[in-house]
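First the structure, in the form of structure tokens, and then the observations on it.
In the UniProt record's numbering, the protein residues as written are 1 to 378.
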């Protein structure tokens, strides 16, 4: 055996030894993998347990604010806004699909939170609906308790499975040595698995950037797009940029009247109708709840405003009945802002177009307001 062949032989033995050690570790952990994924899986595991706890903390945060509203009438408006914010957060973190499907008390608690919020928004300082508060807190206890029990059962099953791994470890060592001749093929397979893993990682990233309900981009994707936008603006960007911020008018009352399932369908129908109008240079994002954000590239101010008017009409043409709306149907309010030739921060951009949306809602809703109309009405 010549020196190069001997070197290759030593390298082969070294690689084979590494594979054996790797196999021991792999066999000891792979069987745990499915159980651990079941515990932390976002779709059917316990990863979302923190959401119920967050929701509970936000709801509890609202209680002292209600006391302060009574004690400090001079700060009534600010305290009420903060209270409504806490209740909105409590609602959002409890409004999880798995909770709604698994626990009958969750839809009732969501309705109770909305009811409390409406009382506060209408100016009632002490909306202490004791039955509602007690029911919500009892629901939190039920969710947390059941989630913990489920987690304990899954961990117990994983530990039992681990005890059976010892036998399979020994079998695995023998199998690896027996398949030593297939080393290069196994390395190639490992390379392919790594490539597949990278594709799966990219797929997960794409899912994180997409809102599952409306199929628009997510708020995370919005912030990333705006950050990339302001890096190049205005020095390395010759195209005009228009921002559109819209939401559905009186949508909480729509949910109160028809329920969350009808509300979800309305959101899907509206976004689908607007997507049909958007050119390829536009990106559509769900900002949160019934609020949506659009970035237009390469279109003039007049084109963006015209498109916003068409969006307004498209929503009206859906003719979605809404008895709490003055129009009798579901409508939308839209703010339009064109970027100036100066530097911005992400928060400033969102604030600019949000202020225009506020003007549209302030002046009766169901309308489009751009920065020029906004300045006149401010």
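For each residue, glycine too, the CB sits at the ideal point set by N, CA and C. Because the structure is a prediction, the values reported are computed rather than measured.
Helix, strand or coil at residue i [DSSP, three-state]
i: residue 249; result: coil
i: residue 320; result: coil
i: residue 329; result: strand
i: residue 96; result: coil
i: residue 91; result: helix
i: residue 135; result: helix
i: residue 263; result: helix
i: residue 85; result: helix
i: residue 103; result: coil
i: residue 235; result: coil
i: residue 342; result: coil
i: residue 313; result: helix
i: residue 363; result: coil
i: residue 80; result: helix
i: residue 122; result: coil
i: residue 72; result: coil
i: residue 48; result: Annotation note: pLDDT 49 at residue 48 (below 50); position unreliable, coordinate value reported separately. Correct three-state label for residue 48: coil.
When the options are compared against residue i, the one with the closest alpha-carbon
i: residue 212; options: 246, 96, 323 and 149; result: 96
i: residue 354; options: 293, 314, 307 and 326; result: 293
i: residue 122; options: 93, 153, 141 and 81; result: 81
i: residue 356; options: 117, 254, 242 and 253; result: 242
i: residue 258; options: 111, 350 and 83; result: 111
i: residue 55; options: 83, 92, 209 and 228; result: 92
i: residue 100; options: 305, 298 and 261; result: 261
i: residue 309; options: 285, 209 and 365; result: 365
i: residue 277; options: 70, 296 and 153; result: 296
Residue(s) in a DSSP beta bridge with residue i
i: residue 282; result: 296
i: residue 243; result: 295 and 337
i: residue 369; result: 335
i: residue 288; result: 291
i: residue 210; result: 217
Contact under 9 Å by Cβ, residue i with residue j
i: residue 318; j: residue 270; result: yes
i: residue 370; j: residue 301; result: yes
i: residue 290; j: residue 247; result: yes
i: residue 132; j: residue 120; result: no
i: residue 216; j: residue 144; result: no
i: residue 307; j: residue 359; result: no
i: residue 106; j: residue 114; result: no
Proximity test, residue i beta-carbon vs the ligand ZN heavy atom, cut-off 8 Å
i: residue 353; result: This structure simply doesn't include the ligand ZN, nor any ligand for that matter.
Does the stretch 83-102 come within contact of the stretch 58-65, defined as at least 3 CB pairs closer than 8 Å?
yes
Taking 8 Å as the threshold, find out whether the stretch 223-239 comes into contact with the stretch 327-335 through three or more Cβ pairs.
no
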